[in-house]
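J.:
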């Protein structure tokens, strides 16, 4: 696996193709299981054409977890096998029903379990996230999809 980490200002945002969310609800990780796979993953996905990073993160978090009210924080950018993705922290205040998209179920977990999909990338991302969270005060953007408000 070819992996590297970058600060938010180091990579042109138009080259970023994916979002990954370290999502928590009541201090527990929100893990997802795709209908077509048997292993757990972190929420995330591909950025759509003309979509802002925060819009992609909000959309993916809702589609994959049913999250309605949450804070989002951009953490950094990862590169894996030549493609870039941005990592967000998501502090979910309210989960609604799981939308009928590609996710079969969600699970809350106190820790990142072994054997997550995509090999070691999630563990590398989480390690960088912990380093950054300790070293910087992160700026949150509050999203309320019930009232369609961004604060």
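Numbering (UniProt numbering), first residue to last: 1 to 151. Ideal placement from N, C-alpha and C gives every residue a C-beta, glycine not left out. Since we're looking at a predicted model, the values are computed, not measured.
(1) Consult DSSP for residue 141 and reduce its assignment to one of helix, strand or coil.
(2) Kindly indicate which residue of 142, 145, 67 and 2 has the alpha-carbon position closest to the one of residue 44.
(3) Please report the straight-line C-alpha distance between residue 39 and residue 3, rounded to a whole angstrom.
(4) Are the Cβ atoms of residue 88 and residue 98 separated by less than 7 angstroms?
(5) Identify every run of the alpha helix (DSSP H) within the UniProt domain "Nudix hydrolase" (12-129), keeping only runs that are complete inside it and at least 4 residues long; order them along the chain.
(6) Using the C-alpha atoms, what's the distance from residue 100 back to residue 127?
(7) Closer than 8 angstroms is the cut-off here; do at least three beta carbon pairs connect the segment 117-131 with the segment 25-42?
(8) How many Å lie between residue 110 and residue 131 at the Cα?
(9) In angstroms, rounded to a whole number, what distance separates the CA positions of residue 103 and residue 36?
(10) Once the 5 residues before and after residue 53 are set aside, which same chain residues still bring their CB inside 6 angstroms of it?
(11) The beta strand (DSSP E) with residue 3 in it runs from where to where?
(12) Expressed to the nearest angstrom, what Euclidean distance is found between the alpha-carbon atoms of residue 79 and residue 50?
(13) Relative to the C-alpha of residue 107, which residue among 144, 33, 17 and 26 is closest?
(14) Tell me whether the beta-carbon of residue 60 lies closer than 7 angstroms to the beta-carbon of residue 92.
T.: Taking the structure as given:
(1) Walking along the chain shown from the start, residue 141 turns up at place 141. Strand, per DSSP.
(2) As a working note, residue 44 is residue 44 in the chain shown. Residue 67 is the option with its Cα nearest to residue 44.
(3) As a first step, residue 39 must be located in the chain shown, where it is residue number 39. As a first step, residue 3 must be located in the chain shown, where it is residue number 3. In a straight line, the C-alpha of residue 39 is about 21 angstroms away from that of residue 3.
(4) Translated into the one-based positions of the chain shown, residue 88 becomes position 88. Translated into the one-based positions of the chain shown, residue 98 becomes position 98. Cβ atoms of residue 88 and residue 98: not closer than 7 angstroms.
(5) 53-65
(6) Within the chain shown, the letter at position 127 stands for residue 127. Within the chain shown, the letter at position 100 stands for residue 100. Straight through space, the alpha carbons of residue 100 and residue 127 are spaced by roughly 32 angstroms.
(7) yes
(8) By one-based count along the chain shown, residue 110 stands at place 110. By one-based count along the chain shown, residue 131 stands at place 131. So the two alpha carbons sit approximately 19 angstroms from each other.
(9) As a working note, residue 103 is residue 103 in the chain shown. As a working note, residue 36 is residue 36 in the chain shown. Spanning the two alpha carbons is a distance of roughly 8 angstroms.
(10) Numbered from its first residue, the chain shown carries residue 53 at position 53. Excluding sequence neighbours, residue 53 sits near 86.
(11) The count along the chain shown starts at 1 and reaches residue 3 at position 3. Here the beta strand (DSSP E) through residue 3 covers 3-6.
(12) Position 79 of the chain shown, counted from the start, is the residue given in the question as residue 79. Position 50 of the chain shown, counted from the start, is the residue given in the question as residue 50. So the alpha carbons of these two residues sit roughly 21 angstroms apart.
(13) Here residue 107 refers to the residue found at position 107 of the chain shown. The shortest C-alpha separation from residue 107 is found at 33.
(14) Position 60 of the chain shown, counted from the start, is the residue given in the question as residue 60. Position 92 of the chain shown, counted from the start, is the residue given in the question as residue 92. No.
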